[in-house]
Amino acid sequence: MSAKAFDATIKALVEVAPAAWPAFAGVPAGPTEAIDADIATVTGAADKVLRVHTDPPYLLHLEFVAGHDAAQLPVKLHVRNGLLDDKHNLLVRSVVILLRPEANSPQLTGTHTRRFAGEESYLEFRYRVIRVWKLPPETLLTGGPALLPLAPISAVTERELPGIIEQMADHINAYNESGLVPMLESAAYILSGLRYPPDMCARLFQGMTSMKESSTYQAILEEGLEKGQEKGVLAMQNVLRSIGQNQFGRPDERTVQAIRAIHDLTRLEELCIRVATAGSWDELLAAPAP
Numbered sequence: 670m671s672a673k674a675f676d677a678t679i680k681a682l683v684e685v686a687p688a689a690w691p692a693f694a695g696v697p698a699g700p701t702e703a704i705d706a707d708i709a710t711v712t713g714a715a716d717k718v719l720r721v722h723t724d725p726p727y728l729l730h731l732e733f734v735a736g737h738d739a740a741q742l743p744v745k746l747h748v749r750n751g752l753l754d755d756k757h758n759l760l761v762r763s764v765v766i767l768l769r770p771e772a773n774s775p776q777l778t779g780t781h782t783r784r785f786a787g788e789e790s791y792l793e794f795r796y797r798v799i800r801v802w803k804l805p806p807e808t809l810l811t812g813g814p815a816l817l818p819l820a821p822i823s824a825v826t827e828r829e830l831p832g833i834i835e836q837m838a839d840h841i842n843a844y845n846e847s848g849l850v851p852m853l854e855s856a857a858y859i860l861s862g863l864r865y866p867p868d869m870c871a872r873l874f875q876g877m878t879s880m881k882e883s884s885t886y887q888a889i890l891e892e893g894l895e896k897g898q899e900k901g902v903l904a905m906q907n908v909l910r911s912i913g914q915n916q917f918g919r920p921d922e923r924t925v926q927a928i929r930a931i932h933d934l935t936r937l938e939e940l941c942i943r944v945a946t947a948g949s950w951d952e953l954l955a956a957p958a959p
C-alpha cells in the first residue's frame, strides 16, 4: 500500500471522531473539531489539526508517521507549531504518532533543543511521542471507532493477533447503523499492511467470522491486491464499488464508467476511505486528490 493511502486512512479516522484523539494523546479533552491544517505554502500542511474547546481552548497538532524520515521531524514540528500559533492565536500541543517500529528514530525524544556551544539553550520545544506498537490493544478497542483500526498494529503478538482482530471486528459491527463499517473495515485492512505481509493479512481477515461475508474483503481477497498491476487496480475498483453501493446505492452506468477510468491505485484507495464522509457518488468522485 502507498504512503498516501495510509495518510488518507488516518486522516479519515481523525475526522470521523475528533473527540477521541485528545484522550488518546493524553491531553485535556473537550468538545473537538477538525480545522484547516494548511499553514503555509512553503511548509505544506500539518497532518491534522483539531481545535479542543477546553478552558483555555487549544489546538492539537497531530503528525502520523509510517516512513523512515522521522529524524528531521522535530524541526518541522517546531515550525508547524509556531505557524499554527501565529495563524490561530491559540496554544498548540504537538503530538507525533508513530505507526510502526520502522518509523522510530532516536531523534524523537520529545524535546527539540537548540543552543550555541558553551551557552544555555535558547530554544526548548516539547512535544509528545506515541508509539502505537507499544500500546495495549485494549486501549484502542475501547477508545471508540476512530481508534479501532489501530488495534492490529498495537502491542500484539502474532499468536494474539487473530483474537484481537476478531474483537475489533465485533466492535466495528456495532457501528453498522452509522454507516461507518465500510470505512473502518478498509482502514483496518490497510493499516494492518504496515506491520504484516499481504498474505498474512489476507489469511487473517478472510477467517474473521464477522467480516468474512463482507463484499469489501471478498473483492480484495478473491482478486488479489497486487500493487501496480492490472489485477490490483481491478480489485480496488471492485472494492470501491462494493463500499460505495453500501453507502450510496447501486451506481449507475455513468458512475461505473467513471470508476473504471481510474487506474491510479493510490487514488482508488483514497476514494475507498472517503466513502464514509461523502454524501453521494457524485460528491465522492468529484473530490480532488489530496
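For the sequence shown, our numbering gives the first residue as 670, with consecutive numbering after it. Even for Gly, the Cβ is constructed at its ideal location relative to N, Cα and C.
Membership of Glu793 in the beta strand (DSSP E) is indicated by the continuous run Leu792 to Arg795. Setting aside the 5 residues that flank it on each side, Leu742 is surrounded in the same chain by Glu732, Val734, Val765, Ser774, Gln776 and Leu777, each with a C-beta closer than 8 Å to its C-beta; the list follows chain order. Boundaries of the alpha helix (DSSP H) around Arg929: Glu922 to Arg929. In terms of CA proximity to Asn750, Tyr727 leads the group Pro770, Tyr727 and Glu771. Scanning Ile931, Gly862 and Gly918 for the CA closest to the CA of Leu819 turns up Gly862.
Counting C-beta pairs with one atom in each stretch, the segment 786 to 793 and the segment 753 to 767 have fewer than three that are closer than 8 Å, which means they do not touch. Looking at the DSSP output, Ala703 bridges to Leu719.
For the options Pro687, Arg936 and Gly813, the alpha carbon positioned closest to that of Val908 is the one of Arg936. Separation of the CB atoms of Asp716 and Ala703 is rounded to 11 Å, and the pair is thereby denied contact status at 8 Å.
A straight line joining the alpha-carbon of Leu768 with that of Leu860 spans about 9 Å. Residue pairing by DSSP places Tyr727 opposite Val721 and Leu760 in a beta bridge.
Counting of Cβ neighbours within 10 angstroms places Gly832 among the exposed residues, the total staying below 16. Judged by beta-carbon spacing, Arg943 lies beyond the 8 Å limit of Ile928, meaning their Cβ atoms are not closer than that value.
With respect to Leu810, Ala857 sits apart: the two C-beta atoms are not nearer than 8 Å. By the neighbour-count definition (other C-beta atoms within 10 Å, threshold 16), Gly695 is an exposed residue.
The beta carbons of Ala786 and Leu682 sit no closer together than 8 Å.
Residue environment analysis places Thr826 among the exposed positions, since fewer than 16 neighbouring C-beta atoms fall within 10 angstroms of its C-beta.
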